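Enquirer:
There are 2 protein chains.
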Amino acid sequence: MFLDISEVAKQSGLPASTLRYYEEKGLIHSIGRRGLRRLFERQVLDTLDAISLARWAGFSLDEIRDWISPEGEIRIDRQRLEARADEIENLATRLMSLAQMVRHTAHCPQADHFSCPEFQRMLKVARRRKPARAMPEAPR
Amino acid sequence: MFLDISEVAKQSGLPASTLRYYEEKGLIHSIGRRGLRRLFERQVLDTLDAISLARWAGFSLDEIRDWISPEGEIRIDRQRLEARADEIENLATRLMSLAQMVRHTAHCPQADHFSCPEFQRMLKVARRRKPARAMPEAPR
DNA sequence: GCTTGACCTCAAGTCGGCTTGAATTGGCAG
DNA sequence: CTGCCAATTCAAGCCGACTTGAGGTCAAGC
Chain A
1 MFLDISEVAK
11 QSGLPASTLR
21 YYEEKGLIHS
31 IGRRGLRRLF
41 ERQVLDTLDA
51 ISLARWAGFS
61 LDEIRDWISP
71 EGEIRIDRQR
81 LEARADEIEN
91 LATRLMSLAQ
101 MVRHTAHCPQ
111 ADHFSCPEFQ
121 RMLKVARRRK
131 PARAMPEAPR
Chain B
1 MFLDISEVAK
11 QSGLPASTLR
21 YYEEKGLIHS
31 IGRRGLRRLF
41 ERQVLDTLDA
51 ISLARWAGFS
61 LDEIRDWISP
71 EGEIRIDRQR
81 LEARADEIEN
91 LATRLMSLAQ
101 MVRHTAHCPQ
111 ADHFSCPEFQ
121 RMLKVARRRK
131 PARAMPEAPR
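Quick note, the sequences are listed as chains A and B, same order. Just so you know, the first sequence maps onto residues 1 to 140 in UniProt numbering. Just so you know, the second sequence maps onto residues 1 to 140 in UniProt numbering.
Here is the structure:
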């Protein structure tokens, strides 16, 4: 009926330490204990999936917590979602041109990058742009 | 002729503490001192711009350092650049679809996200995707 | 009833990229 | 010569999301 932490770990793919951490942060809730051991409702797997999704979309654990009721229901603020969709799209667009620029730099025949006008334009753009937010799995 | 640190800070837009940190890490080099004060060649401003650009593109300071000769010249590994361009493009593509999905979730008429088949698909995708790498300025 | 070993707690550590703070130095104006 | 003030050094702190390690507990199997 209920799942213990190792079962949840196995099925969710998250290490037990992360599950404990999430519980401590108030993102998930165990329904009780068998001895020392936490017991979780099966529903927690859905919650965990939703958390992974939201993390993927770049939301912080603190933000996500606000969407989860004590009963484990998720009620996401739709306005925030839409705003975030805009942000992501925006970022994606800028990344596309960044990729173009990086690719150009890789192929540019000039021996010195600084003598390439394209590179100069990039420098201007990069000025005052700060890398900032954790973003999804960039393959390295 | 030479610039002291406050001048470099002003012209580059980076705080002096960052410049000292960059020097400590071997990304930039001061050409000498006037008393205690570091003196930089004007060229360092170019180097700093290039660093900002590379940071924007998601490279770490350690990676960037390897591209900078002790003389402050930048010789970027073109293969790595190209590889990185692929990665960025890849990420951008995935972010685009993520934005779509997030937007759908925002508008989805189902009261409960979990009963939306689209949302279910998303959950599957998000599984085992980890947010990982610091990425450029997502506007918050 | 005893051992086993998975789970527990709590504190501390990790990583990257900086920032902050206390105590010190030293060129320059008066 | 004195005092000012900005720049210096060095160690420590910060952020988020976890992980790690030491030492403790207890249900279950023999």
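Glycine included, C-beta positions come from ideal geometry on N, C-alpha and C. Just so we're clear, the structure is a prediction, and the values are computed from it rather than from any experiment.
So Arg127/B is in the beta strand (DSSP E); what residue range does that whole segment cover?
Expert: Locating residue 127/B in the second sequence gives position 127, where the first residue counts as 1. Looking at the DSSP string, Arg127/B is not in any beta strand (DSSP E), and its letter there is neither H nor E.
Enquirer: Are the Cβ atoms of Leu45/B and Gln79/B separated by less than 8 Å?
Expert: Residue 45/B sits at position 45 when you count from the first residue of the second sequence. Residue 79/B sits at position 79 when you count from the first residue of the second sequence. For Leu45/B and Gln79/B, no; Cβs fall outside 8 Å.
Enquirer: Which residues bound the alpha helix (DSSP H) around Leu81/B?
Expert: Reading the second sequence from its first residue, position 81 is the one you call residue 81/B. Segment 78-107, the alpha helix (DSSP H) holding Leu81/B.
Enquirer: With 16 other CB atoms within 10 Å as the buried threshold, where does Ala99/A fall?
Expert: Along the first sequence, read from residue 1 onward, the residue named residue 99/A stands at position 99. Flag for Ala99/A reads buried.
Enquirer: Tell me whether Arg75/A sits in a helix, a strand or coil according to DSSP, three-state version.
Expert: Start at 1 with the first residue of the first sequence, and residue 75/A comes out as number 75. Arg75/A falls in the coil class under three-state DSSP.
Enquirer: Exposed or buried, which one is Ala138/A when buried takes at least 16 other CB atoms within 10 Å?
Expert: One-based indexing of the first sequence puts residue 138/A at position 138. Its pLDDT being 39, under 50, Ala138/A is placed unreliably by the model, and the measurement read from it follows with that caveat. So Ala138/A counts as buried.
Enquirer: For His113/A, return the contacting residues in chain B, with the cut-off set at a CB-CB distance below 9 Å.
Expert: Taking the first residue of the first sequence as 1, we reach residue 113/A at position 113. Ordered by position in chain B, the residues that pass the 9 Å Cβ test against His113/A are Ala50, Ile74, Arg75, Ile76.
Enquirer: Quick check on this structure: which residue in Asp86/B, Arg84/B, Phe2/B has the alpha carbon closest to the alpha carbon of Arg37/B?
Expert: The residue labelled residue 37/B in the question sits at position 37 within the second sequence. It is Phe2/B.
Enquirer: Helix, strand or coil for Phe40/A per DSSP?
Expert: In the first sequence, the residue the question calls residue 40/A occupies position 40. The answer is strand: DSSP assigns Phe40/A an E or B state.
Enquirer: Give the interface partners of Asp46/B over in chain A, defined as CB-CB distance under 7 Å, in chain order.
Expert: In the second sequence, counting from the first residue as 1, residue 46/B sits at position 46. Under the 7 Å cutoff, chain A gives Phe114.
Enquirer: What alpha helix (DSSP H) runs, 4 residues minimum, are completely inside the UniProt domain "HTH merR-type" (1-70) of chain A?
Expert: The qualifying runs are 5-12, 16-25, 44-56, 61-65.
Enquirer: Return helix, strand or coil for Gln110/A, following the three-state DSSP convention.
Expert: For this step, residue 110/A is matched to residue 110 along the first sequence. In this structure, Gln110/A counts as coil in the three-state DSSP scheme.
Enquirer: Can you tell me the Cα-Cα spacing of Gln43/B and Ser6/B, whole angstroms?
Expert: Position 43 of the second sequence, counted from the first residue, corresponds to residue 43/B. Position 6 of the second sequence, counted from the first residue, corresponds to residue 6/B. Roughly 15 Å separates the two Cα atoms.
Enquirer: Taking Cβ to Cβ, would you say Asp49/B is nearer than 8 Å to Ala126/A?
Expert: Sequence index remark: in the second sequence, residue 49/B carries index 49 (1-based). Sequence index remark: in the first sequence, residue 126/A carries index 126 (1-based). Against a cut-off of 8 Å, the Cβ pair of Ala126/A and Asp49/B comes out as a contact.
Enquirer: Within 10 angstroms of the Cβ of Gly58/A, are there 16 or more other Cβ atoms? Answer buried if so, exposed if not.
Expert: Position 58 of the first sequence, counted from the first residue, corresponds to residue 58/A. Buried: at least 16 other Cβ atoms inside 10 Å.
Enquirer: Would Ala111/B be called buried (16 or more neighbouring beta carbons within 10 Å of its own) or exposed?
Expert: Locating residue 111/B in the second sequence gives position 111, where the first residue counts as 1. It is exposed - the Cβ of Ala111/B has fewer than 16 other Cβ atoms within 10 Å.
Enquirer: If you measure from the CB of Asp86/A, is any heavy atom of the ligand MN nearer than 7 Å?
Expert: With respect to the ligand MN, the structure offers nothing, as it holds no ligand at all.
Enquirer: Taking beta-carbon pairs under 7 Å, can you tell me which members of the region 51-72 of chain B lie near chain A?
Expert: Taking 7 Å as the Cβ-Cβ cut-off against chain A, the residues of the region 51-72 of chain B that qualify are Ser52, Leu53, Arg55, Trp56, Ala57, Gly58.
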